[in-house]
Structure formats: C-alpha cells, structure tokens
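Chains A and B, in that order, are what the protein sequence lines are. Residue 1 is where the first sequence starts when you use the working numbering, and the numbers rise one by one after that. Residue 1 is where the second sequence starts when you use the working numbering, and the numbers rise one by one after that. Down below is the structure, laid out as structure tokens.
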Amino acid sequence: MSKPTEGGFNWRHAPEFGFFTTLMVLFLYAPLAVLVVYSFNANRLVTIWGGFSLRWFAKVVQNGDIQAAAVTSLIVAAAATLCSVTIAVAAALALARGRLFVGRGAATGLIMMPLVVPEIVVATTTLIFFSTLGMTIGLLNLIIAHTVFCIPFAMLPIQARLQAMGATNEDAARDLYGSEWRIFRRITLPLLMPGIVAGGILAFVSSLDDFLISFMVSGAGNTTLPVYVYGMMRMGVTPEVNAISTILLVISTLLAFCVFIFSRPTAVSGAPAAKRPSLSLSTQEIT
Amino acid sequence: MLKLRSTLLLLLPAVGVIGVFMAIPMLITLVFSFMTANTYGGVTMPLCVDAYVQMLFDQNFDGTLSFVPDYVIIMVRSVYLALATTVLTLLLGFPIAWYIFCQSPARRMLLLTLVTIPFWINTLIRTYCWILLLRDQGLVNDVLEYLRVIDHPLPLLYNQSAILLGLVYTFLPFMVLPIYATLERLDTRIIEAAYDLYVTRWRLFRRVIWPLSRPGVGAGAVLVFAPALGAFLQPDMLGGGKQLLIGSLIEMQFTASRDWPFGSALAIVVTLAVVIALILQGRRSNSGVKA
C-alpha cells in the first residue's frame, strides 16, 4: 500500500487527516461561496433563484452613499498604509539591524500591542482619547487610529524579509565606506522591496476590512464602507448587501493573493533563503 | 550593525505613535474607570470605584448594596464562549496543521494559502454569510424543508450556538497557523526514531508531537482567546442582541447608555483578562521548554 520509501513506512501518509482537512477547507469557503452565488441572483427574494443577473451590482455601484463611503475607505486605507509602512520600515530596521539596548523587549511588545489587545478595547480607548482631547478632525482621526493597528501588520513581512536576506550585502557596502543613507537607498531598500509591498498590502487590507474601530471612532459624515454595509445589514438580508459584500470579498481575496506572490520566499544572493512564508502569523514575535 | 543612536531614532516613530495613540489612551481609560459619570455622557470628579462596584452590586434606595448577577452572568458567558472557541479551534485546527505539515513543500504553500485567505476577508462579511445560511429562510432550512426533513424552519440563528459557530469560523486560522509554525521546526528524525521503536500512533502523538507542539498551541490559544473574549460582531449579528456578551456591553456604554466610567471599567477588565491569559501562556510554554 504505502510507497516503499524510507524503509517501507511513511509517517507522512495520513489520508484520514486529508479527508478532515478537505472538510475544514469546505467549512471555511462554503459560506463565502453561498454569498457570492446569491449576489448574482436576479430575484429580490434572496433565497429564491430568479436567474443570473448583475443588476444588484449595478445598483450598488450607482448608490451615492456607497460611493462616498468607498472613497472615505480608500483615502483612509491609502493614508494609513503610507504612514504605517514608513514607520514599520524604520522600526523593522532598528530591530533587525540595530544594536541591543535596555528596553528593546518593551519596545517590541509595545509595537505588537495592537495585535493582542481586543479590538473593542482599542476602539473604545481611542474614542475616549479623541473626545477627551476634543480632537474631532474628521478623516484624520480615522487615519491615525488605522495607522496604529496597521503598523504591526506592515512590520511582520518586512521583518521576515530583513531576516531572510541577511546583512552580508550591507556589511560589504559598509566595508567600502558607503554612508548609512546610501547603503539604505542602494542596497537595503531594493532588496527589501518585496517585504515592503507585502507589508503595504497587508496594512491596506487590514484598514479596508476594519469595522469596529471605524464604527466607534468615525464621526458623522465620515462613514467607511464596512460601517455603511453594517448599517445595511442591520436592515436585513437584501440583494444589495449581498452584492456589496461580494465586491469587498473579492477585493480582499485578490489583495491577499498579491501578498502571497510578493512574499514568496525567493533566494537572495549571499543569504539563506527564507524558510517560512512570512504571512503565517509569526506568533513568536507577538507573544 | 547600526549605531545605538540610529537604532533608537528609527524605533522612535513606531514607539511614539503606538505609545501616544494606544498606550496613553489605555491609561486615560484606566483613570476614567475610577471617575463618576456625568449626565452628558462624559466623566467628572470625584474619584470612586462605583464603576467596578456596579459590575456586582446595585444600590438600593437606602444606600445599601444588593448583589445583582446580571453583569456577572454576561462576563461568565463571555469567558465560557471564548474558552469553548479556543478548545474547538484547537480540536479542529490541530489535525489541519498536522496534515499540512505532512505534505510536500508546494502543497504546504497551497494549503497554507487556503487557510490564511479567510483571515484577510472582512469579519463583517464572513459573519453575514452565516446569516444567509442559518436564518429562517436561509439555505440550511430551505434545503431541509425541500428534503421534507422538517416542516417548520429550525431556529438556527440568534442563539448561543450560532455565536459559537461564528467565533470558531472566524478564529480557526488563528489556531492553525501558529501550530503549523511550531510543527515545521520539529526535528522529523525524532518521529522516525519513535517509529523504529514500534510506537503506536496514539503514543507518538501523546508523548512526542503534543509536548513538542505546546508552544504553538499556547500561542494559538492566546490568539483565539483574546479576540474571542472581546468579540462584538459575532454576538451582535448571530446572537441577535438576546445573548449579550462583554464586547457588546462595552460598546453600549459608549453609544446607547453613555456611561463612560462603566464602559472604561469593563474595557479594563477585558484587558486584564487578556494580560492574565498571556502571562499564563508565557509561563506554560517556558516550563514546557525546560521539561
């Protein structure tokens, strides 16, 4: 039965776990598939099939409120991504290439804090902070709140990339008396680019997906798309909700795929190739 | 290696932003939890512990306190659901992680991608999908009625099981990935050595794989427990407001009830619970390494 490898037995051969894993993958994707199928249903009654149609997508795309919410979401996500990636690159460099100092562990813990503190706590404490200071500066509130929780997401792939590519090239440049800035511009940054792109997309998706923090922090007139969709969902199951949900689902999935492509371990000359896909939440850094 | 001054300067923006906009807000929340609610929905002096007393007791007209279990019930229910989610994701997630570990590198990447992608899809939408499936006119009831298994739709939505299902569905990837990360570093020669000594599959799991995968299990447990404890969307959407959990309770104090000190105190309690879970996990995985 089993292939005659390694002396006749193969502990990796586990068909029953394979069956179970297939079931679990189905469990993860079947509900999403149901949503996508329903969103193409022409019938206003969601569950009764009335033929294939794109009319709900057309209706959603033409909805002015949804357009406004989408624009808000995109502005916030783009700004938060830009800020968080810049901050994350600096922090990742300091942690991967910097000197050891007292308080390094505390600094790492602080940066990873947004990953472990429950979202509801982040949302309420941020709300309290902004309203106590009287900071009602519209979109900027949202951008700041999003930047905070995007930093660790942006940093994980960047850190993984820095570790994978090693410091040999930078050290060689230092031996040739390159200035620190030039070494960063000409060597570190280009080699780091896949990590930065992956981190940037992760930050962008995290911001785009966020509901609870935007829900609590955003003032009137600054509704993000998930907050608006939540309002629609409270009104009940409608074809419009299915359509807009499918659009968001497809965007997140495509972006996640991009991350996998960019963070695929590729060998960097003179450095050990990355062993682990950087996207698998490296929990060692969190805990 | 960078100079110490550059190292600190590079860390400054991250530490500064998260410190100012996350650590300081949490300290302010801690202070607010010891203040008095004012009528406009803010906080005022004097300092007191009323918000914490409120969790357990209700003040009578004559000023005496009587025990009211309402909030305790909500907290116990939240902890119970978070623990149940952790146990269920572990039971479902461990075999998945093991199976992925057993595959060739190419298949590993594929399976990891499949497990991780739902993690990047909006929780709001993933939760909404279950409404489509479970409601009275939902797919599950429709199919069962079509097959003549039932006459009337089963009440699948708006109960505790629906919340639990939603939580397990949301957090399953959080458990699989850290366990897989630990298994991947496992020295496979140990497994082969155990087989050479005629180990049974159960003993191999119990004596070799489980002890060695403990750090990943611990990390996964914290990654599931912490967000599950403060979950808002799943109880709100799948519990239908009947099964109040601590996440919704906190949210209500800042929207409908406008009782900031009480909301702050609840947020502090949740944070403390997460910190305790982190410490316990840290201690357990340390002792695991020593053993």
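Backbone N, C-alpha and C define an ideal beta-carbon position, used for all residues, glycine too.
Rounded to whole angstroms, the gap between the alpha carbons of T188/B and A70/A is 49 angstroms. Per DSSP, the continuous beta strand (DSSP E) segment holding L65/B begins and ends at L65 to F67.
Each residue's CA atom was taken as its position, placing F211/A and L27/B some 24 angstroms apart. The C-beta separation of S73/A from L208/A comes to about 6 angstroms, placing the pair in contact by the 8 angstroms criterion. The bridge partners DSSP lists for Q59/B are L65/B. Interface flag for C129/B against chain A is set, since a Cβ pair is found closer than 8 angstroms. Residue pairing by DSSP leaves F225/B without any beta bridge partner. By the neighbour-count criterion, in which a residue is buried when 16 or more other Cβ atoms sit within 10 angstroms of its Cβ, W181/A is exposed. Of the candidates P235/B, F101/B, S257/B and V222/B, F101/B places its Cα closest to the Cα of G18/A. Closest in alpha carbon position to D65/A, among L133/A, L225/A and V76/A, is L225/A.
Under a criterion of Cβ atoms nearer than 8 angstroms, the residues of chain B adjacent to E119/A are, in order, P227, G230 and F232.
Our two residues, A203/A and M155/A, have alpha carbons roughly 9 angstroms apart in a direct line. Cβ proximity to chain A below 7 angstroms picks out A267, V270, T271, V274, L278, Q281 and G282 from the segment 265-286 of chain B.
Not a single CB atom of chain B sits nearer than 8 angstroms to the CB of F52/A. For V17/B, the chain A residues whose Cβ falls inside 9 angstroms of its Cβ are C83, S84, I87, I144, T147, V148 and I151, in order along the chain. Rounded to whole angstroms, the Cβ separation of G219/A and G138/A is 7 angstroms, and the two are in contact under 8 angstroms. The alpha-carbon of A42/A is positioned some 52 angstroms away from that of A51/B. Between D136/B and T47/A, the beta carbon gap of about 10 angstroms keeps them out of contact (Cβ cut-off 8 angstroms).
Under the three-state reduction of DSSP output, F52/A falls in the strand class. The three-state reading of DSSP puts N41/A in strand, counting E and B together. Taken atom to atom, the span from the alpha-carbon of V269/B to that of R126/B is near 28 angstroms.
In this structure, L132/B lies near L139/B, with their beta-carbon atoms less than 8 angstroms apart.
Residue environment analysis places Q163/A among the buried positions, since at least 16 neighbouring C-beta atoms fall within 10 angstroms of its C-beta. For G18/A, the chain B residues whose Cβ falls inside 7 angstroms of its Cβ are Y99, in order along the chain. Using a CB distance cut-off of 8 angstroms, T200/B does not count as an interface residue toward chain A.
The beta carbons of V227/A and M233/A sit about 11 angstroms from each other, so the pair does not count as a contact at 8 angstroms. Per DSSP, reduced to three states, the secondary structure at A203/A is helical. Leaving aside the five residues that flank I74/B on each side, the residues in its chain whose CB is nearer than 8 angstroms to its CB run, in chain order, L244, L245, I246 and L249. Look at E145/B: its C-beta is not under 8 angstroms from any C-beta on chain A. When DSSP states are grouped into helix, strand and coil, S218/A belongs to the coil group. Going by C-alpha positions, C83/A is about 6 angstroms away from T147/A. Counting C-beta atoms within 10 angstroms of its own C-beta, Q62/A has fewer than 16 neighbours from the protein chains shown and is therefore classed as exposed. A Cβ of chain A is located within less than 8 angstroms of the beta carbon of R135/B.
One Cα belongs to L183/B, the other to L177/B, and the distance between them is close to 10 angstroms. Between L74/A and chain B, the shortest Cβ-Cβ separation is not below 8 angstroms. Taking the beta carbon of S6/B as reference, the chain A residues within 8 angstroms of it are A94, G98 and E180, listed in sequence order.
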